[in-house]
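Structure first, then comments.
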Amino acid sequence: MLYQLVVFLHVASVLGYLLAHGVSAAVSFAIKKERDIARIRALLDLSTASYPSMLWTLLAIVVFGLAAAFLNMTWWKFGWIWVSIILLIVIIVLMALHGAAVFGEIRKAVGLPYMVKGKPFPAEPVKSDEEINAALARANPTLLLIIGYGGFAVIAWLMTAKPF
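Residues 1086 to 1249, numbered by our numbering, are exactly what the sequence shown covers, in order.
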């Protein structure tokens, strides 16, 4: 019974994560077309507001996933669980490189506080339109969708099919 509860909490955490991260996903597509600095700032602030929920639910995914694996110790001898863990790490790294870093540049360009490799920096003066457009051009929401959704789809398949 405890195992089923932990697995349920693991899956519920994934749903919560996808809900929270959906805000940033929607912003990443909307911001590509936007040129009004006030609207860009509002979109970026909306995305940033979802970070606490996103991070807490990601932590819950990991905690409940590991708890489920430890409650059913036999899972550790199968390859699917190890590939799932490695794939989650790869997704996080790729999203940081292609998502957080790029959107940090956009935040900096439009005069919002930003982060570089997890270190916060205060807002700077708004950059030129050319610099803002260049930062916006580096955003690739389709790539982020492929990494995030595709990666989670593969993990979901590994967890349900347990192919190896």
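Even for Gly, the Cβ is constructed at its ideal location relative to N, Cα and C.
Is DSSP giving residue i helix, strand or coil here?
i: P1198; result: coil
i: F1163; result: coil
i: M1180; result: helix
i: E1119; result: coil
i: S1113; result: helix
i: S1132; result: helix
i: E1209; result: coil
In the DSSP assignment, what residue or residues form a beta bridge with residue i?
i: K1193; result: Answer is none; K1193 lacks a bridge partner.
The alpha helix (DSSP H) with residue i in it runs from where to where?
i: P1137; result: 1136-1156
i: P1226; result: 1226-1230
i: A1238; result: 1236-1246
i: F1249; result: Where F1249 is concerned, there is no enclosing alpha helix (DSSP H), given that its DSSP letter is neither H nor E.
i: A1222; result: 1214-1223
Terminal residues of the continuous beta strand (DSSP E) containing residue i?
i: F1206; result: 1204-1206
Touching by the beta-carbon criterion (3+ pairs, under 8 angstroms), the region 1196-1207 and the region 1140-1155: no
Given 8 angstroms as the limit, is there contact between the region 1182-1195 and the region 1211-1231, that is, 3 or more CB pairs closer than that? yes
Per the contact definition of three or more C-beta pairs closer than 8 angstroms, is the region 1087-1100 in contact with the region 1124-1132? no
Assess, as a yes-or-no matter, whether the region 1174-1188 is touched by the region 1224-1233 under the definition of 3 or more beta carbon pairs within less than 8 angstroms. yes
Should the region 1216-1226 be regarded as contacting the region 1090-1105, the criterion being three or more beta carbon pairs within less than 8 angstroms? no
Would you call the region 1130-1142 in contact with the region 1106-1122, where contact means no fewer than 3 C-beta pairs closer than 8 angstroms? yes
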